[in-house]
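Here is the structure we will look at, set down as structure tokens.
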């Protein structure tokens, strides 16, 4: 029943990829829409101060993981300095201060992770768990809190498929496995997690669990938390294992306290995941719906009839307009005429994707989804185009940064009856804060009772780019408060910590703080993240 | 969007129902199988000591809820003395000591519940939240811990459908609503929770949430925890509200700390539930499968293909044999011949039930479920017979108690690959402990990765009935440990508390204890339940 598969590990330098290219007509369009000037912002390398890790601590850590796996060189440290938020990217370009860890520690297995955490607690060294480094909310920022030093605990060597139970369809995966590698290992057993977020190419299994990730096919496969059957958590006070059955009434489901704990309560080292057979057939197709209200009514109907496609993604009129504009020239004109002839005046793009074991199964499911809907087909070519470009967002953002754009995303979720109100409130907050800008929105995760909203913002970068975005982000967060959640799948990190109390109440914060006191009594774990005033969560509040 | 509906409240005496009747051939069969003697155990009324609630506390509570809603009379107190476990029923017959609350307090609304808890904390009075009183694990036993007195906090007056959001399909229901009443109120809006456990006729919305209940149609509607969109928890330190969106990544999902907290962390006063349209069509049908292994393979296949019927229930050979025996005489003989002719030598009964908006929808779903299976049909009459008798278990148990039987149920869950091992282990433990007995088992909740197992045990009551069952229960619990969960939907209560640490680890217990310290600093809430050594969970460990 158990198959153990190990792979060679080569730590990647995560920051050497070339940025994506933007076609000239897209740049021209962006200049028209945002007033972006034709200037390139000079990029200067960020300051990297010397490591402040004490020799005694370094030697103790080396005793745990081996000398080669405690790194204090500049490149290793810079490679784990922060995540992929817009502000992170600016900091890497020398704008604003970049927090750099004092060392990078690479444990080999779950036992070594526990020993590293014990050592850090003994030496009063802060620990930032580091997987793919794709956080866009400051979740991996190398904050040290009140500690003398901070290490990045890189989980890259925890890269094993530990076991597969093909009967129960449960696979145990180590936390440091990047998603594509996890899928490659599972594919050898004909299985998949089905978890495909935009960060797929870099993000790791442990990161998905720590942040309650949701993939682009969440309508079919569920959110990552829905896949978690069991979890193994390393803490400074020992290891905590949970999950003996698919469902239980043995008290509160404590797996849900570990999932989403963002490295603040412990370090997830392994997860047991519900897996499914790899689909033999995938079919993606695009449709147009006239207007946001009709579009969301269609998605709601599919969710409430429980016939959602595995991928279900509705763009608002603005996002659809941008896609049309960027298609360029004749294609845009022809498409607009096609839509007008079919009564679609405010087109919203709807991408649907079905997975199945056979073409017949996919056809059957497609028929169930489309039954009774009158959608204007845009064809499989458009659907497949979305599929092939679905991981391009981060690369395009790099290219946009190059030409002086302010570009960021943010997301939320709420119940259906408040979805349009929430979208309008966030849009208006962003436009008020940024002035001339493009705000696009889509629904990519639908539930019977509500849906997510994902916004992409484009503006010309101001002379104070950090301040410019902070004002806009705060305005959006204030607009969300009371109407929806501060994050549907990006997590809390540093950026959303000030808003958590409004969402879970002072008792929620107090309960999280009390759990942290039990599991991390000296407060070495990921200071400043998740828990509001998290730097003070060391037992002194 | 919001509709407020209030109903008149008449507290029910929960203990006056007549026990069900057993047909003579069933009694004869039971005597043959268990050696049950033809003697009636004399029933004597339980001792009810005088109330020890101090006058100061009583007056303070009356100031909160009104004088008529603090009851110290014998019948009120006896009516809230414990739940419906076999041992509870024995205690009510004068066997073993019965814990009786010193008073019954009936608050009118969530605010009064908070005020009652504050008052109890001030006066050091223990509080046992009381809904339908259907716990079979001692969850409502009137333990006082180290407090001078204990009250039953009866939530019967919290009986409102607070609001309905028909667009999002979310309804806010108060905790004290009995399930049938909740469904009646929702039916006025064309909606239902779909939550139908065996305790349906008495159990309440708050109890379902506090114990992570699972209904007989959980395959279609989900477990109760899957329905909970939001929750309102009263605690001695104030109110805690959670749930602003269907899904979120704003830290750990703290709703899952409240759901399943069994009155130990607070008192659930309202829940926002995902609801669905009431099905216009229901179709129940029975089939036979040859042998347990083949039967569970069928259910597993349905779960993993995601085409389960809303109700999916597989009895093992023993449970099926009992059903056949009790059908009686000619019917049994004819049925056996019918099955033998179709190659079914060890019949396992499989009941499937589909719900839908139209007959066509039900037909379509039935076709999906049955596609590729070769089941021997037993017809709709047998399926409907199961449906009509599905709440009879508790009544039949009363009748069995009358004739001197030891009768109890217990349940667990695990992953598919260990399901048969777990069933065998529990069966053998029970048979070893009880000797001549009948042990029946069914799967009634199936997941992609595993399933529940529900056991019913029948034996002749011994001279020491309490000790007899305690030995059997402990043997079964030991058999479960390491193979599955100590409870799939009955919860922890008093009975399973000794086994919780083995399941969630010492860190799990420590985290629960720390949350309790935050929410219930003086430890008045439901002493002795859920948390192992719960009587010591007052900050002194």
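Chains as they are written, first to last, in the numbering used here: chain A, 227 to 767; chain U, 227 to 767.
Positions of the beta carbon are idealized from the N, C-alpha and C atoms, including for glycine.
Reduced DSSP secondary structure (H/G/I, E/B, other) of residue i
i: residue 175 of chain A; result: No information on residue 175 of chain A is available, as it lies outside the stretch 227 to 767 that chain A covers here.
i: residue 564 of chain U; result: helix
i: residue 434 of chain U; result: helix
i: residue 178 of chain U; result: Coverage of chain U is limited to positions 227 through 767, which leaves residue 178 of chain U absent and any answer about it impossible.
i: residue 392 of chain A; result: coil
i: residue 536 of chain U; result: coil
i: residue 339 of chain U; result: helix
i: residue 766 of chain U; result: Low confidence applies to residue 766 of chain U: its pLDDT is 32, below 50, so where it sits in the model is not reliable enough to give any reading.
i: residue 427 of chain U; result: coil
i: residue 235 of chain U; result: Note that residue 235 of chain U scores a pLDDT of 36, beneath 50, so its modelled location is shaky; the value from the coordinates is reported in the next line. Reduced to three states, the DSSP call for residue 235 of chain U is coil.
i: residue 511 of chain A; result: strand
Distance, residue j Cα to residue i Cα
i: residue 743 of chain A; j: residue 293 of chain A; result: 31 Å
i: residue 750 of chain U; j: residue 710 of chain U; result: 31 Å
i: residue 232 of chain A; j: residue 400 of chain A; result: Here the model assigns residue 232 of chain A a pLDDT of 34, short of 50, so the residue's position is not dependable and the matter cannot be decided.
i: residue 308 of chain U; j: residue 353 of chain U; result: 13 Å
i: residue 770 of chain U; j: residue 582 of chain U; result: Beyond the ends of chain U as shown, which are 227 and 767, falls residue 770 of chain U; an answer cannot be given.
i: residue 768 of chain U; j: residue 574 of chain U; result: Chain U is shown only over 227 to 767; residue 768 of chain U falls outside these bounds and no answer can be derived.
i: residue 701 of chain U; j: residue 656 of chain U; result: 7 Å
i: residue 508 of chain A; j: residue 523 of chain A; result: 25 Å
i: residue 306 of chain A; j: residue 389 of chain U; result: 49 Å
i: residue 590 of chain A; j: residue 594 of chain U; result: 10 Å
i: residue 695 of chain U; j: residue 632 of chain U; result: 8 Å
i: residue 391 of chain A; j: residue 641 of chain U; result: 9 Å
i: residue 334 of chain A; j: residue 511 of chain A; result: 43 Å
i: residue 311 of chain U; j: residue 480 of chain U; result: 30 Å
i: residue 756 of chain A; j: residue 437 of chain A; result: 10 Å
i: residue 588 of chain U; j: residue 596 of chain U; result: 12 Å
i: residue 240 of chain A; j: residue 323 of chain A; result: Low local confidence applies: a pLDDT of 41 at residue 240 of chain A is under 50, so the model's placement there is unreliable, and no value is given.
i: residue 691 of chain A; j: residue 753 of chain A; result: 26 Å
i: residue 748 of chain U; j: residue 601 of chain U; result: 58 Å
i: residue 285 of chain A; j: residue 349 of chain A; result: 11 Å
i: residue 569 of chain U; j: residue 395 of chain A; result: 30 Å
i: residue 548 of chain A; j: residue 617 of chain A; result: 18 Å
Interface flag, residue i vs chain U, CB-CB below 7 Å
i: residue 300 of chain A; result: no
i: residue 715 of chain A; result: yes
i: residue 641 of chain A; result: yes
i: residue 712 of chain A; result: yes
i: residue 539 of chain A; result: no
i: residue 496 of chain A; result: no
i: residue 361 of chain A; result: no
i: residue 470 of chain A; result: yes
From the options, residue whose alpha carbon lies closest to that of residue i
i: residue 464 of chain U; options: U/507, U/697, U/343, U/631; result: U/343
i: residue 658 of chain U; options: U/460, U/532, U/276, U/698; result: U/698
i: residue 478 of chain A; options: U/509, U/503, U/560, U/451; result: U/451
i: residue 576 of chain U; options: U/537, U/492, U/551; result: U/537
i: residue 367 of chain A; options: A/304, A/484, A/662; result: A/304
For residue i, the first and last residue of its enclosing beta strand (DSSP E)
i: residue 641 of chain A; result: 631-641
i: residue 658 of chain U; result: Counting along the chain, residue 658 of chain U falls outside any beta strand (DSSP E), though it belongs to the alpha helix (DSSP H) covering 645-660.
i: residue 680 of chain A; result: 676-686
Beta carbon proximity, residue i to chain A, threshold 7 Å
i: residue 635 of chain U; result: no
i: residue 659 of chain U; result: no
i: residue 765 of chain U; result: Reliability of the predicted coordinates at residue 765 of chain U is poor, the pLDDT of 33 falling under 50, and no value is obtained from them.
i: residue 466 of chain U; result: yes
i: residue 691 of chain U; result: no
i: residue 482 of chain U; result: yes
i: residue 437 of chain U; result: yes
Run of the alpha helix (DSSP H) containing residue i, from where it starts to where it stops
i: residue 295 of chain U; result: That residue, residue 295 of chain U, is in no alpha helix (DSSP H); it is neither H nor E in DSSP.
i: residue 746 of chain U; result: Taken as a continuous stretch (DSSP letters only), residue 746 of chain U belongs to no alpha helix (DSSP H), as it is neither H nor E.
i: residue 668 of chain A; result: Per DSSP, residue 668 of chain A belongs to no alpha helix (DSSP H); it is in the beta strand (DSSP E), 663-669.
C-beta neighbour in chain D for residue i, strict 7 Å
i: residue 610 of chain U; result: Of the chains in the structure shown, none is chain D; the protein chains are A and U.
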